[in-house]
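Peer 1: The sequence shown begins at 1 in the UniProt record's numbering and counts up one residue at a time.
Glycine residues also receive a C-beta, built at the ideal position from the N, C-alpha and C atoms.
None of the values given here were measured: they were computed from a predicted structure.
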Amino acid sequence: MSESQASPPLRYAISVPPHGDYGDPRFLVTLAREAEEAGWDGFFLWDHLAFMRGFEGPIVDPWISLAAIATATTRIRFGPMVTPLARRRPWKVARETVTLDHLSQGRLILGVGLGYPRDSEFEDFGEDGDERVRAEKLDEALDVIEGLWSGKPFSYTGRHFQIRDCTFLPRPVQEPRIPIWVGGYWPNRPPFRRAARWDGVLPGRLSLERRRTWTPTMIPVDQYREIASFVTDRRTQDGPFDFAIGGYTDGDGGPADRERVRTYAEAGLTWWVENLHGFRGDLAQMRRRVALGPPRP
1 MSESQASPPL
11 RYAISVPPHG
21 DYGDPRFLVT
31 LAREAEEAGW
41 DGFFLWDHLA
51 FMRGFEGPIV
61 DPWISLAAIA
71 TATTRIRFGP
81 MVTPLARRRP
91 WKVARETVTL
101 DHLSQGRLIL
111 GVGLGYPRDS
121 EFEDFGEDGD
131 ERVRAEKLDE
141 ALDVIEGLWS
151 GKPFSYTGRH
161 FQIRDCTFLP
171 RPVQEPRIPI
181 WVGGYWPNRP
191 PFRRAARWDG
201 VLPGRLSLER
211 RRTWTPTMIP
221 VDQYREIASF
231 VTDRRTQDGP
241 FDFAIGGYTD
251 GDGGPADRER
261 VRTYAEAGLT
271 WWVENLHGFR
281 GDLAQMRRRV
291 ALGPPRP
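#1: Quick check: the region 151-169 against the region 187-201, are at least 3 beta-carbon pairs closer than 8 Å?
#2: For A284, is the classification buried or exposed, using 16 other Cβ atoms within 10 angstroms of its Cβ as the cut-off for buried?
#3: I'd like to know whether the C-beta atoms of T97 and I219 end up nearer to each other than 7 Å.
#4: Comparing C-alpha positions only, which one of V60, T73, E175 and W91 sits nearest to G147?
#5: Based on DSSP bridge pairs, tell me the residues matched to F203.
#6: What span of residues does the alpha helix (DSSP H) with A141 cover, start to end?
#7: Between which two residues does the alpha helix (DSSP H) carrying D222 extend?
#8: Could you give the DSSP three-state label for Q285: helix, strand or coil?
#9: Ignore the nearest five residues each way along the sequence and tell me which others in A94's own chain have a CB closer than 8 Å to its CB.
#10: On the CB-based measure, 16 or more other CB atoms within 10 Å of its CB, does S104 come out buried or exposed?
#11: With 16 as the cutoff for other CB atoms within 10 Å, does P295 come out buried or exposed?
#12: Among V173, T73, E36 and E274, whose alpha-carbon lies nearest the alpha-carbon of L202?
#13: Beta carbon of L108, beta carbon of D101: below 7 Å?
Written out as structure tokens, the structure is:
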């Protein structure tokens, strides 16, 4: 890694599913404000049209919620983490992301991915859920979004998306672009090759047991070190790059929390993303966890 590719300092975010107990946009705005006041650096929302077959709780739109969060906060970074870009029109995402970047004066992070393996959110709505097709659409969509963010005349001819001589203004506030983080499940390599082209990576671990129970789990630190090395070796651009992980801490400031974060930071971590959801505690417990602040070592 060159000096110009040096990692940013360690930051801390929370990740919230905007459904179930959290399925109220007004509460999400309140929670984002509380997170900012408690010293967190980021506030990320999942992006689902539906959540697992059989789920019947409320689900709110993350993008509209993020717009409210952008105007209700002043410092904290925010974004979808992650949006399944293959089921969205990239020109619409380009407009939405630039608008959010201006609303927040340059605080948006765009998290993207394929969606869950065998994701019913595609097939149940009549869309092609084949992972190869979704990957093609994701790569094309990223090219389209970056081209439209340029503020220059842009044309594109792909298998799935076509644009003829369009200019989108204004440009994003952030330079050279709104940061793009790519999510993926290790050890599946293609998402991590994709991430190396952009600005950050958020690896996940989704075992069959976790899909059945949603038991909190983390990528072991030795695997995380392997991921960081894999992505770093494939980077072709200079500039900062973020390595994130979704994690779990008690928030008591004890040595176990500090040691957990420290070991991942030594493996290359730049963003600790504290996962909040009803499967690890009720709403009141998770709200208290936010108020306790980041697990700084």
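Peer 2: So, from the listed chains and residues:
#1: no
#2: exposed
#3: Cβ atoms of T97 and I219: not closer than 7 Å.
#4: W91
#5: It should be noted that the sequence gives Pro, not Phe, for residue 203. Partner(s): G184.
#6: E131 to W149
#7: That run of the alpha helix (DSSP H) goes V221 to D233.
#8: Here Q285 sits in helix by DSSP.
#9: Contacts found: V144, I145, L148, W149 and F168.
#10: Within a 10 Å sphere around the beta-carbon of S104 sit 16 or more other beta-carbons, which makes this residue buried.
#11: buried
#12: E274
#13: yes
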